[in-house]
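Trainee: In my numbering, the protein residues as written are 143 to 271.
Ideal placement from N, C-alpha and C gives every residue a C-beta, glycine not left out.
1) Could you check the C-alpha separation between residue 200 and residue 193 for me, to the nearest Å?
2) Go ahead and pull the three-state DSSP assignment for residue 155.
3) Measure the Cβ-Cβ separation of residue 161 and residue 154 and say whether it is below 8 Å.
4) Would you tell me roughly how many angstroms separate the C-alpha atoms of residue 191 and residue 198, rounded to the nearest one?
5) To the nearest angstrom, how far is the alpha carbon of residue 243 from that of residue 218?
6) By Cβ distance below 6 Å, which residues in the same chain neighbour residue 163 in space, the five residues on each side in sequence not counted?
7) Within its chain, find whatever has a CB closer than 6 Å to the CB of residue 211; leave out the 5 residues flanking it on each side and keep chain order.
8) Which whole-angstrom value is the C-beta distance of residue 169 and residue 150, which I expect to be below 8 Å?
9) In the DSSP assignment, find the alpha helix (DSSP H) that holds residue 230 and state where it starts and stops.
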């Protein structure tokens with residue numbers, strides 16, 4: 143400590159100030175206390191900001207989790223709608239196949255001229271009640 147006091151006294155002497163060894167020691171101790179206090183304040187501010195950002199991150203994580211749950215529910219609803227639409231499409235495809243099959247059967251049936259409904263027959267039927 144004595145060499146620090148000597149350095150402080152010499153630096154003060156260069157500046158034109160005459161210091162006693164007690165004043166030089168007090169000046170060094172005071173500057174050391176200010177430095178330590180500043181470091182403590184900076185550390186406290188860092189811890190405060192770290193805690194605040196941690197709480198903010200937790201809040202943001204909770205919001206993101208809630209959004210994920212909403213999106214998952216929407217995705218499940220879309221999947222349910224897609225399954226329903228696929229079932230309708232399959233039912234429509236089966237109906238189209240049945241229509242084609244029926245039309246094929248109709249087209250394959252030969253026309254019987256004796257059983258055709260002609261104009262003469264339509265006149266006879268009109269008068270019947």
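Mentor: This is what the structure holds:
1) As a first step, residue 200 must be located in the chain shown, where it is residue number 58. As a first step, residue 193 must be located in the chain shown, where it is residue number 51. Annotation: residue 200 to residue 193 spans about 11 Å, alpha carbon to alpha carbon.
2) Translated into positions along the chain shown, residue 155 becomes position 13. It is helical.
3) Translated into the one-based positions of the chain shown, residue 161 becomes position 19. Translated into the one-based positions of the chain shown, residue 154 becomes position 12. Yes, they are a contact pair.
4) Residue mapping note: residue 191 aligns to position 49 of the chain shown, counting from 1. Residue mapping note: residue 198 aligns to position 56 of the chain shown, counting from 1. Their Cα atoms are separated by approximately 10 Å.
5) As a working note, residue 243 is residue 101 in the chain shown. As a working note, residue 218 is residue 76 in the chain shown. When rounded, the distance between both Cα atoms is 37 Å.
6) Numbered from its first residue, the chain shown carries residue 163 at position 21. Same-chain partners within the cutoff: 147.
7) Residue numbering aside, residue 211 sits at position 69 when the chain shown is read from its first letter. If we look at residue 211 and ignore the five residues flanking it on each side, it has no Cβ neighbours.
8) By one-based count along the chain shown, residue 169 stands at place 27. By one-based count along the chain shown, residue 150 stands at place 8. Yes, they are in contact, since the Cβ atoms of residue 169 and residue 150 sit about 6 Å apart, within 8 Å.
9) As a first step, residue 230 must be located in the chain shown, where it is residue number 88. From DSSP, the alpha helix (DSSP H) with residue 230 extends over 163-250.
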